[in-house]
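Student: Could you have a look at this structure, given as structure tokens, before my questions?
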Amino acid sequence: MSSQRSISSFFAPV
Amino acid sequence: VVEAIKDLVQDCNFDCNDDGIQLQAMDNSHVALVSMKLSTGAFSPFRCDRNIALGINLNSLMKVLRAAGNDDILTLKAEDQPDSLNLVFESPGQDRMSEYDIKLMDIDQEHLGIPETEYAATISLPSAEFQRICRDLSALSESVSIEASKDGVKFSCSGDIGNGSVTLRPHTNVEDESKSTSIALTEPVNLTFSLKYLVNFCKASSLSGSVQLCLSNEVPLLVEFKMGAGYLRFYLAPKIGD
């Protein structure tokens, strides 16, 4: 099984 | 553009400045990010006196856009501190003009910084081909593995009823460049993504004959549809094995 990562864990708020 | 993204994102700020109109929005589950740019070249004329964010519900916008004819000239106008966006549709023969206003909303959306990335693999392929692969594999599974190597790019999935794969090799169409497939690779990559999102991104296929997939291990996939004077980009976070 694999788990879905969140996009916000890759791109930080500016 | 609105048709292509309305099922992924609902309330969006259209950021207007001297460069044109930009939009960035995450889907509700924070798995995908939409980034759109329409440069001033997409408009004639374009004028923006002050940077402004127009907060628009895309379903509302679609309701109004459906009232436009395919070949109508569209004019978008907003005042300095607007409550609404004004849309005027004029038929090519100028024998019909319709005018609508839609209410704007305050959208408090965090803006994400997308770092410049040198991707390990950049794949260009016909957008209809990518749409077909995503549609076919989504019938079997929720996820697809995209594996790019010097031999080609392999899309594979496995589900309850069995498994499937599609392998593409580089191919040049001399008559129509958008029908070519190219693979630029600095190192092999293998990533897994949710097909539900990829199928959704493919709603943008009518905007461009070709699509570019950019991948690096452990980072979001970039799916880019280039438009005449801008782009529509989708970023999708990978699935990571336990």
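So the protein lines, in turn, are chains H and G.
Numbered per this note's numbering, the first sequence spans residues 13 to 26.
Numbered per this note's numbering, the second sequence spans residues 981 to 1222.
Glycine included, every Cβ here is placed at the ideal spot set by N, Cα and C.
(1) Report the rounded CA-to-CA distance for S1158/G versus M1207/G, giving the unit in angstroms.
(2) With burial defined as no fewer than 16 other Cβ atoms inside 10 Å of the residue's Cβ, what is the status of T1102/G: buried or exposed?
(3) If you drop the 5 nearest sequence neighbours on each side, which residues of the same chain put their C-beta closer than 7 Å to that of H1091/G?
(4) Which same chain residues, not among the five before or five after S1145/G, have their C-beta less than 7 Å away from its C-beta?
(5) Under 9 Å Cβ-Cβ, which residues of chain H neighbour Y1099/G?
(6) Per DSSP, N1066/G is paired with what?
(7) Any heavy atom of the ligand COA inside 7 Å of the beta-carbon of D1086/G?
(8) Against chain H, does K1219/G count as a neighbour if the rule is that its beta carbon must be under 8 Å from one of theirs?
(9) Who are the Cβ neighbours of N1180/G in its own chain at under 7 Å, not counting the five residues just before and after it?
(10) Would you mind telling me which residues of chain H sit closer than 7 Å to Y1215/G, beta carbon to beta carbon, in chain order?
(11) Near P1062/G, what residues of its chain come up, given a Cβ to Cβ distance below 8 Å and the 5 sequence neighbours on each side ignored?
(12) Could you check which residue in K1219/G, A1184/G and A1217/G has the C-alpha nearest to that of E1109/G?
(13) Can you grab the Cα-Cα spacing for the pair K1017/G / E1167/G, in whole Å?
(14) Suppose you measure from the CA of Q1111/G to the CA of D1075/G; what does that come to, to the nearest Å?
(15) In the DSSP output, what is P1106/G paired with across the bridge?
(16) By the three-class DSSP mapping on this structure, what secondary structure does Y1177/G have?
(17) Between H1151/G and chain H, is there a C-beta pair that is closer than 8 Å?
(18) Helix, strand or coil for L988/G per DSSP?
(19) Cβ of L1013/G within 8 Å of Cβ of Y1215/G?
(20) For a minimum of 3 consecutive residues, which ranges assigned as the beta strand (DSSP E) are wholly contained in the segment 1102 to 1151 of chain G?
(21) For N1197/G, which residues in the same chain have their Cβ closer than 6 Å to its Cβ, ignoring the five residues on either side in sequence?
(22) Taking DSSP's pairing of strands, which residues face E1204/G in a bridge?
(23) Check whether the Cβ of A1005/G lies closer than 8 Å to any Cβ atom in chain H.
(24) Straight-line CA distance for Q1051/G to I1141/G?
(25) Starting from the C-beta of S946/G, find all residues in its chain whose C-beta is less than 6 Å away, skip the five residues before and the five after it, and write them out in chain order.
(26) Quick check on S1015/G - is its C-beta less than 8 Å from some C-beta in chain H?
Tutor: The short version:
(1) Along the second sequence, one-based indexing puts residue 1158/G at 178. Along the second sequence, one-based indexing puts residue 1207/G at 227. If I take the Cα positions, the gap works out to 13 Å.
(2) Within the second sequence, numbered from 1, the residue matching residue 1102/G stands at position 122. Result: buried.
(3) Translated into positions along the second sequence, residue 1091/G becomes position 111. Excluding residues within five positions, the ones whose Cβ falls inside 7 Å are Q1004.
(4) Numbered from 1 along the second sequence, position 165 holds the residue referred to as residue 1145/G. Hits under 7 Å: K1134, F1135 and S1136.
(5) Walking along the second sequence from the start, residue 1099/G turns up at place 119. The contacting residues do not exist; Y1099/G stays about 13 Å from chain H at best.
(6) On the second sequence, residue 1066/G is found 86 positions in, with the first residue counted as 1. K1057/G and D1081/G, per the DSSP bridge assignment.
(7) This structure simply doesn't include the ligand COA, nor any ligand for that matter.
(8) To locate residue 1219/G, count along the second sequence from 1; it is residue 239. It does: the Cβ of K1219/G has a partner Cβ on chain H nearer than 8 Å.
(9) Here residue 1180/G is taken as the residue at index 200 of the second sequence, counted from 1. Closer than 7 Å at Cβ, skipping near neighbours: D987 and L988.
(10) Start at 1 with the first residue of the second sequence, and residue 1215/G comes out as number 235. Here the neighbours are I19.
(11) Taking the second sequence and counting its residues from 1, the one referred to as residue 1062/G is at position 82. Within the same chain, P1062/G has close Cβ partners I1032, L1034 and L1084.
(12) The residue given as residue 1109/G occupies position 129 in the second sequence. Nearest of K1219/G, A1184/G and A1217/G to E1109/G, Cα basis: A1184/G.
(13) In the second sequence, counting from the first residue as 1, residue 1017/G sits at position 37. In the second sequence, counting from the first residue as 1, residue 1167/G sits at position 187. In a straight line, the C-alpha of K1017/G is about 30 Å away from that of E1167/G.
(14) Here residue 1111/G refers to the residue found at position 131 of the second sequence. Here residue 1075/G refers to the residue found at position 95 of the second sequence. Cα-Cα distance, rounded: 38 Å.
(15) Indexing the second sequence from 1 puts residue 1106/G at position 126. S1190/G, per the DSSP bridge assignment.
(16) If you number the second sequence from 1, residue 1177/G lands on position 197. Correct three-state label for Y1177/G: helix.
(17) Here the question's residue 1151/G lines up with position 171 in the second sequence. With 8 Å as the cut-off, H1151/G does not count as an interface residue toward chain H.
(18) For the purposes of this step, residue 988/G is taken as the residue at position 8 of the second sequence. Reduced to three states, the DSSP call for L988/G is coil.
(19) Sequence index remark: in the second sequence, residue 1013/G carries index 33 (1-based). Sequence index remark: in the second sequence, residue 1215/G carries index 235 (1-based). Contact flag set, yes.
(20) 1123 to 1129, 1132 to 1139 and 1142 to 1148
(21) The residue you call residue 1197/G lines up with position 217 of the second sequence. Closer than 6 Å at the Cβ level, and outside the excluded window around N1197/G, lie V1169.
(22) What you label residue 1204/G is simply residue 224 of the second sequence in a count that begins at 1. Looking at the DSSP assignment, E1204/G forms a beta bridge with Q1192/G and R1213/G.
(23) For the purposes of this step, residue 1005/G is taken as the residue at position 25 of the second sequence. Chain H, which has no Cβ nearer than 8 Å to the Cβ of A1005/G, makes this no.
(24) On the second sequence, residue 1051/G is found 71 positions in, with the first residue counted as 1. On the second sequence, residue 1141/G is found 161 positions in, with the first residue counted as 1. The question names Gln, but residue 1051/G is Asp in the sequence shown. Cα-Cα distance, rounded: 46 Å.
(25) Past the boundaries of the shown model lies residue 946/G; chain G is included only from 981 to 1222, so the question cannot be answered.
(26) Translated into positions along the second sequence, residue 1015/G becomes position 35. S1015/G does not count as touching chain H.
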